[in-house]
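Working notes for the structure below.
Structure follows, in structure tokens:
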């Protein structure tokens, strides 16, 4: 067994492609962890208010703004007055609604109706709002229907809160106008002065042990880790295939036949290749361990030991899987195609590139066939301080390895019979 492992390692280390994947892919995986986005820099910034999102055109989509399940409201503002500005800012500051405003002084009621009808099919939002040119006069007179039109564009229960907030502001504005005798810009100034004495509001994203919700920072770490795992999966599957290449060459040049004549069983031969793939996983993890020293602990989101442990276990699975498929295929080109297919499909269906929260139940079910999905779910548990995440990845790794070794032994026997 030891002699077989040494022979395979010598052949492997002579392969230039192996060195490329061993060094280049870990570098890329660590580089993606090191990348900082604007959202990274804003995670711990205590945002005191939410501002109105300005749209350049009336037809601009607002679905892209509701990334975290906010109640998005699209506003066509034909008023443009100080009071309408105060009204929309008041809704935005509540933190319950995401206000996206398009300034449309040329819009009539029929234009707004047609635009909202299109948005109902082509866009995604909780509600729509049209403010008429006579918004100020309508507020002062109490005839709200002349000042605005509210469009219900979803079944979200938060719409009721949205209506209450609107009624509350309009009642407050009318009362202030009656008490102060002011209107227009002067009334808006009075309302602003009145609200300046309100307690300052902050929005924070928090999670604690046992919570089922990740903070924004943790969600961002998880997204970066998904991309990192994608590069590492590519590294593992092709390193496994390169190990399989040595087996294909040994079979082609009758080296395998001579090994079998020494009394070595097919299962023992396959296990020796599995040991080589395990050594390759250790080497890749070692390279990654050195590279992670150049980035801070906060960029990983979890401890280095936990991260490297996940990488090593995932490497065992994919190195062994691609080794098995490469040996059974018996052709270098076929093995390469299979490795690329495993990498692309498994990463996509496991949700490494994008979350699968809105995917169909069928896709979600299929995703649990992919090892990376279990690892990403375990990352969630580790983020939340649940130590069961480590137990899950150990069980999943053991299950996959048992299946791979079993299929490897059976596949080699069937292949021998066919020969």
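Numbering (this note's numbering), first residue to last: 6 to 424. Glycine residues also receive a C-beta, built at the ideal position from the N, C-alpha and C atoms. What you are looking at is a predicted structure, and each value in this text was computed from that prediction instead of being measured.
Beta-carbon gap between residue i and residue j smaller than 8 angstroms
i: residue 282; j: residue 335; result: no
i: residue 78; j: residue 174; result: no
i: residue 158; j: residue 83; result: no
i: residue 278; j: residue 326; result: no
i: residue 234; j: residue 320; result: no
i: residue 27; j: residue 280; result: no
i: residue 376; j: residue 395; result: no
i: residue 58; j: residue 103; result: yes
i: residue 192; j: residue 88; result: yes
i: residue 413; j: residue 275; result: yes
i: residue 284; j: residue 14; result: yes
i: residue 163; j: residue 93; result: no
Residue i classed as buried or exposed, judged by whether at least 16 other C-beta atoms fall within 10 angstroms
i: residue 24; result: exposed
i: residue 303; result: exposed
i: residue 53; result: Unreliable placement is indicated for residue 53, whose pLDDT of 41 sits below 50; no coordinate value is reported for it.
i: residue 35; result: buried
i: residue 400; result: exposed
i: residue 286; result: buried
i: residue 109; result: buried
i: residue 61; result: exposed
i: residue 384; result: buried
i: residue 301; result: exposed
i: residue 330; result: buried
C-alpha distance - residue i paired with residue j, whole-angstrom precision
i: residue 249; j: residue 75; result: 50 angstroms
i: residue 299; j: residue 38; result: 11 angstroms
i: residue 18; j: residue 322; result: 21 angstroms
i: residue 97; j: residue 170; result: 11 angstroms
i: residue 407; j: residue 12; result: 25 angstroms
i: residue 64; j: residue 227; result: 33 angstroms
i: residue 386; j: residue 305; result: 15 angstroms
i: residue 210; j: residue 99; result: Confidence at residue 210 is low in this model, with a pLDDT of 49, below 50, so its placement is unreliable and no value can be given for it.
i: residue 381; j: residue 126; result: 34 angstroms
i: residue 50; j: residue 222; result: For residue 50, the pLDDT reaches just 41, beneath the cut-off of 50, and the residue's location in the model is therefore unreliable, although a value from the coordinates is still provided. Each residue's alpha carbon lies about 11 angstroms from the other.
i: residue 155; j: residue 122; result: 12 angstroms
i: residue 111; j: residue 140; result: 14 angstroms
i: residue 368; j: residue 357; result: 14 angstroms
i: residue 8; j: residue 31; result: 29 angstroms
i: residue 344; j: residue 237; result: 13 angstroms
i: residue 47; j: residue 225; result: Low confidence applies here, because residue 47 scores a pLDDT of 40, under 50, leaving its location unreliable and the question unanswered by this model.
i: residue 333; j: residue 132; result: 57 angstroms
i: residue 289; j: residue 33; result: 13 angstroms
i: residue 341; j: residue 410; result: 21 angstroms
i: residue 324; j: residue 392; result: 26 angstroms
i: residue 297; j: residue 252; result: 33 angstroms
i: residue 118; j: residue 67; result: 17 angstroms
i: residue 307; j: residue 295; result: 16 angstroms
i: residue 397; j: residue 373; result: 13 angstroms
i: residue 90; j: residue 80; result: 11 angstroms
i: residue 444; j: residue 378; result: Look at the range of the chain in this structure, 6 to 424, and you will see that residue 444 is not part of it.
i: residue 350; j: residue 16; result: 30 angstroms
i: residue 339; j: residue 134; result: 58 angstroms
Boundaries of the alpha helix (DSSP H) in which residue i is found, first to last residue
i: residue 382; result: 376-388
i: residue 309; result: 309-334
i: residue 123; result: 114-127
i: residue 166; result: 163-185
i: residue 40; result: No alpha helix (DSSP H) holds residue 40; DSSP gives it neither H nor E.
i: residue 369; result: 366-372
i: residue 341; result: 337-354
i: residue 94; result: 87-98
Residue span of the beta strand (DSSP E) that contains residue i, given as start and end
i: residue 133; result: 132-136
i: residue 438; result: Beyond the ends of the chain as shown, which are 6 and 424, falls residue 438; an answer cannot be given.
i: residue 64; result: Where residue 64 is concerned, there is no enclosing beta strand (DSSP E), given that its DSSP letter is neither H nor E.
i: residue 108; result: 102-108
i: residue 154; result: 153-157
Residue i beta carbon near the ligand GDP (any heavy atom closer than 7 angstroms)
i: residue 343; result: This structure lacks the ligand GDP, and indeed carries no ligand of any kind.
Exercise. Quick check: the segment 177-186 against the segment 136-156, are there 3 or more CB pairs under 8 angstroms?
Worked result: Segments in contact, yes.
Exercise. Between the segment 352-364 and the segment 308-318, do at least 3 Cβ pairs fall closer than 8 angstroms?
Worked result: In short, these stretches do not touch, since the Cβ pair count stays below three.
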